[in-house]
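Asks: So that we are looking at the same thing, I have put the structure below in structure tokens.
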Amino acid sequence: MTRTSRLPALLWGLVLTACLVFSGWQLLRGTSLDTRITALLPDTHQSPGIDRANEQLGAPFTHRFVLLLDAETPGEAAAELAQTLQRAGAVSELRYRPGDYQLDSLLEVLGPSRYRLLDDHLRTTIDGGDTDELRRQALASLVMPTGIDQHPVRDPFGLLNRWLDSQLSTRFDTRGDLVTLEVDGKALVVMTGELAGSAWDTGLQDRLTGAIDAFQKAHPGAHLWRSGMVFHAADGAHQARSEISTIGLGSLIGVLLILLVVFRSPVTIATLLLPLATGAVFALAITLWWFQGIHLLTIAFGSSLIGVAIDYALHLQCARALAGREFRLRHMLPGLALGLVTSVMAYVVQAFTPMPGLRQMAIFAGCGLVGAWLTVVLWLPMTRVRTTPGTRKLAERLWRVLDHLRGRLGPRLALVLALIAVAIAGVRLQGDDSLRLLNTSSQQLLGDEALIQRELGRDTGTVYLLITAHDSEGFLGRVESLNPLLDGLVKDGHLGGHTSLADHVPSGARQGANLERTRRLYQQQLDQVYASAGLPPALYERAMEMLTQSPPLTLDHWLTSPLGESDQRLWLGDIDKGQVAGMVTLSGGIDDYARQQLESLARSDEHIELVDRVEQISNVLGKLRRQIAQWVAGALVVLTLLLALRYRWRTWRVIAPAGGAILTVLTLYALLGVPLNLFHQLALLLVLGIGLDAGIFMQEHPRAHHAWLAITLSILSSLLAFGLLAFSATPALHHIGMTTLIGLASVWLLTALVQRRIPEDQPAHHANTHDHG
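All you need for this note's numbering is the position in the sequence shown, starting with 1, plus 628.
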């Protein structure tokens, strides 16, 4: 090799060195490995209010977690669990004892406004005029006070306690040293925690789950239920890391065994694996630079994509092994270049989708293929390849298989079969855009989550009403006007429940009406209460004076207090155009009747919008799935036109392996009733790229043994990598694996079937010289 030809190889080496240094520096300085499955989702391009509401409603679930603990000695177990979590450095705050909650702020926040805060039952009783029972209860409480601040002057009727009883769940027991909740007859300790960092931080995930695992090992008789995004993220990260190692290792072992059998030379095997390593280094550096981070699924998925890059090395080294000294790189370059261009086009199509995670996968895969190709072209010709009799014998045997299959599928029969496949797929194929495709959590964790959500009445705000108004008073009034409809849906079993700020902060008009009810109650019964209790009548005037000094409870005061901290997620405040907004979350089951009623309400009032986050994402996935299908069809058309410029009438033989394999997958799924999803279609892009490679190389070298040997080895190695993906517990990777498994097997068979028969007087060649025809 001349000095001039060595210069590009040297420059490529310098580029890879820089990439290696940059990637190492980025990873060492703590560049995040993203585990959020929602990073694969596109922006929904909706109103800023909805975007903010979605983020705000999910924030508590993201930043906090809940544990339920069942142990024989709950006090000791809870204290030890808390110490273990705090030592791990994963939490900034833990609450599991009554003293951990700032209940002393009740009087400060609600005390002055207690006369304006009446529950529905008390309102109805006062409006009905029959308040004698209230007088008797007040007298009993004055003799033996049982509530908070039930003072003869400040609160003779115990209004604060009545309000708190209507607001706070009676299922929590705070009478002992622990906050407990009764579930199925057992008193479970309720422990809530605030994370010391991001739920997506893999280091924090490991510390938190490690601490919990250590506690459970030390207390085998204890049982824990978990709720919180951090646990779902940790499940996904653990699964992704596990599958990266198992899929990568399994693929590597399989490929090594195949190459060892074929080439029987460790040096040649090393040269075949070198492009994979350099492609990975180049792809990782570009991805880290472009996105300032990388998703673990990108590595798992992208590592398998780069496995396709071994195709280039196989074609080059197979040709060199069979041609020996007669090998010339210039005869291979057209096929190698076309293979790269078509594959990169097929994969980089994902970069035009609105899904950030898929754009990252596209960049990673495309750069990996380019990096591997440059290594094949610039470095591999500088290495030595030994020709072995075993390699020649295998090539001859595979060629005899090809001779047996070639010519059995002509253009007319192929067209008929394609039309039948299109008809079957068009009639029977269904779509699936469910969010189950994105789930990475274990069934046990999902069960824990469901139990805690149900028992604690928690929700993640997946379905809610977004309410807008000119100010907070208008917002609260509008929410209160919805309560009769929502309460009716709950009462009739159409809706599980609803939560809003108006539950805790009545509107100013409602508070004013409540104050008048309290004044009427005092005027009717208070003097009799004092007389029966033997208290001086002068207390009456002092008690009535307290009513005149009672300020209304404002939304801002409530939300900035410790008591209103959990309600902050329901309030957006100012949005735009002088509007404020907040949410009413809908929990539990929402049947079709309730959905129809709420949709009708939203259509009739421009200030109310029904938002279903799950349905929104499913709709976006469906739209994206259809877009991917259009991209695949468009890519086939464009590539067909481009390839026709070189191959003319032989173009159908180039397109048939890829196009036929795609139709085979779609038809099989249609017949088996397997609904097509987004990840099936992404896998079909891979089938398209690999199939085009096979078609191109067979037309570039139609009578060369090395072409068919390399195609067979390439598809076999790719089948190993993608076949392992079919066993992935991650639904997305599983669907990709199954599709590529079927599609690549079809590519190999179709590549052979569509080849033109070679007349007996035109023998095949081992080398790549003079093999065009």
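Beta carbons are placed, not taken as given, at the ideal position from N, Cα and C, and that holds for glycine.
(1) For Gln1258, which option in Asp1219, Thr1213, Leu1313 has the closest C-alpha, if you only look at C-alpha atoms?
(2) Cβ of Ala1404 within 8 angstroms of Cβ of Thr874?
(3) Which value, in whole angstroms, describes the spacing of the CA atoms of Gln1058 and Arg1254?
(4) With a 10 Å radius around its C-beta and 16 neighbouring C-beta atoms as the bar for buried, classify Ser1228 as buried or exposed.
(5) Between the beta-carbon of Ile897 and the beta-carbon of Leu904, is there less than 8 angstroms?
(6) What does the alpha-carbon distance come out to for the pair Glu1328 and Pro962?
(7) Verify whether the separation of the beta carbon atoms of Val781 and Leu1167 is less than 8 angstroms.
(8) What is the DSSP secondary structure of Thr1188, reduced to helix, strand or coil?
(9) Whose C-beta lies closer than 8 angstroms to the C-beta of His1362 among residues of the same chain, with five residues either side of it excluded?
(10) Please look up how many angstroms separate the CB atoms of Leu1267 and Thr970, rounded, as I've assumed it's under 8 angstroms.
(11) Pair every Cβ in the region 1124 to 1142 with every Cβ in the region 1238 to 1254, then say whether three or more of these pairs are closer than 8 angstroms.
(12) Name the residue from Leu1372, Ser1342, Pro1330, Gly1371 whose alpha carbon lies nearest to the alpha carbon of Gln1383.
(13) Does the Cβ of Val895 have 16 or more other Cβ atoms within 10 Å, making it buried, or fewer, making it exposed?
(14) Quick one: what does DSSP say Gly1206 is sitting in, helix, strand or coil?
(15) Compare the beta carbon distance of Gly1210 and Phe1350 with 8 angstroms and say whether it is the shorter of the two.
(16) Would you be able to state if there are at least three C-beta pairs under 8 angstroms between the region 1135 to 1151 and the region 685 to 700?
(17) Pick out whichever of Arg953, His943, Ser870 has its Cα sitting closest to the Cα of Leu964.
(18) Indicate the three-state DSSP secondary structure (helix, strand or coil) for Trp1007 in the structure shown.
(19) On the three-state DSSP scale, how would you describe Leu635?
(20) Which one of Asp1060, Tyr1221, Gly1140, Thr837 has the shortest CA to CA distance from Ala1298?
(21) Evaluate the contact criterion for the region 841 to 849 versus the region 809 to 828: three or more CB pairs, one atom per stretch, below 8 angstroms.
(22) Quick check: what's the CA-CA separation for Asp760 versus Leu787?
(23) Note down, in chain order, each residue of its chain lying with its Cβ closer than 7 angstroms to the Cβ of Leu1369, except the 5 sequence neighbours on either side.
(24) Would the region 1113 to 1126 count as touching the region 719 to 726 if we require 3 or more Cβ pairs under 8 angstroms?
(25) Grab the span of the alpha helix (DSSP H) containing Phe843 for me, first residue to last.
(26) Give me, in chain order, the residues of the same chain whose beta-carbon lies closer than 7 angstroms to that of Arg892; leave out the 5 immediate sequence neighbours on both sides.
(27) Report the three-state DSSP secondary structure of Ala824 (helix, strand or coil).
(28) Check whether the region 702 to 711 touches the region 1104 to 1116, taking contact to mean three or more Cβ pairs, one atom from each stretch, closer than 8 angstroms.
(29) Would you mind working out which of Gly864, Phe919, Asp1184, Leu1269 sits nearest Phe992, comparing C-alpha positions?
(30) I'd like the ranges of any beta strand (DSSP E) spanning at least 3 consecutive residues and lying wholly in the region 713 to 758.
(31) Between His959, Leu957, Leu1002, which lies nearest to Leu968 when the distance is taken from Cα to Cα?
(32) Return the chain-ordered list of same chain residues with a C-beta closer than 7 angstroms to the C-beta of Leu644, the five sequence neighbours on each side being excluded.
(33) Tell me, which residues are paired with Ile1218 by DSSP?
(34) Return helix, strand or coil for Glu1169, following the three-state DSSP convention.
(35) Are Met819 and Leu695 close, meaning C-beta to C-beta below 8 angstroms?
(36) Between the alpha carbons of Arg742 and Ala705, how many angstroms are there, rounded?
Replies: Reading from the atomic positions:
(1) Per the Cα distances, Leu1313.
(2) Beyond the ends of the chain as shown, which are 629 and 1401, falls residue 1404; an answer cannot be given.
(3) A direct Cα-to-Cα measurement between Gln1058 and Arg1254 gives close to 12 angstroms.
(4) With fewer than 16 other Cβ atoms within 10 Å, it is exposed.
(5) No, the pair does not count as a contact, with Cβ atoms beyond the cut-off.
(6) The straight-line gap from Cα to Cα measures roughly 8 angstroms.
(7) The answer is yes: Cβ separation under 8 angstroms.
(8) Coil at Thr1188, not helix or strand.
(9) So the qualifying residues of the chain are Leu1353, Ala1354, Phe1355, Ser1356.
(10) Confirmed, about 6 angstroms.
(11) Taking one beta carbon from each stretch, the region 1124 to 1142 and the region 1238 to 1254 have fewer than 3 pairs nearer than 8 angstroms; the two do not touch.
(12) Of the listed residues, the one whose Cα sits closest to Gln1383 is Pro1330.
(13) So Val895 counts as exposed.
(14) When DSSP states are grouped into helix, strand and coil, Gly1206 belongs to the coil group.
(15) No, Cβ-Cβ distance for Gly1210 and Phe1350 is not below 8 angstroms.
(16) Because the criterion of three Cβ pairs below 8 angstroms is not met, the region 685 to 700 and the region 1135 to 1151 do not touch.
(17) Of Arg953, His943, Ser870, the residue nearest in Cα terms is His943.
(18) When DSSP states are grouped into helix, strand and coil, Trp1007 belongs to the coil group.
(19) Here Leu635 carries a helix assignment [DSSP, helix/strand/coil].
(20) Comparing Cα-Cα distances from Ala1298 to each of Asp1060, Tyr1221, Gly1140, Thr837, the minimum goes to Asp1060.
(21) The answer is no - the region 809 to 828 does not touch the region 841 to 849, with fewer than three Cβ pairs under 8 angstroms.
(22) Each residue's Cα considered, the two are about 16 angstroms apart.
(23) So the list reads Leu1347, Phe1350, Gly1351, Ala1354, once near-sequence residues are dropped.
(24) Segment contact: the region 1113 to 1126 against the region 719 to 726, fewer than three CB-CB distances shorter than 8 angstroms; contact not assigned.
(25) First-last of the alpha helix (DSSP H) with Phe843: 830 to 846.
(26) Answer for Arg892: Thr1016, Gly1018, listed in chain order.
(27) DSSP places Ala824 outside both helix and strand once states are collapsed to three, so it counts as coil.
(28) By the Cβ criterion, the region 702 to 711 is not in contact with the region 1104 to 1116, since fewer than three pairs of Cβ atoms, one from each stretch, lie closer than 8 angstroms.
(29) That would be Phe919, whose Cα lies nearest to the Cα of Phe992.
(30) 719 to 723, all fully within the region 713 to 758.
(31) Comparing Cα positions, the closest option is Leu1002.
(32) Hits under 7 angstroms: Thr906, Val909, Phe910.
(33) The partner list for Ile1218 (beta bridge, DSSP) reads Leu1123.
(34) Helix.
(35) In contact: Met819 and Leu695 (Cβ atoms closer than 8 angstroms).
(36) Whole-angstrom Cα-Cα distance: 39 angstroms.
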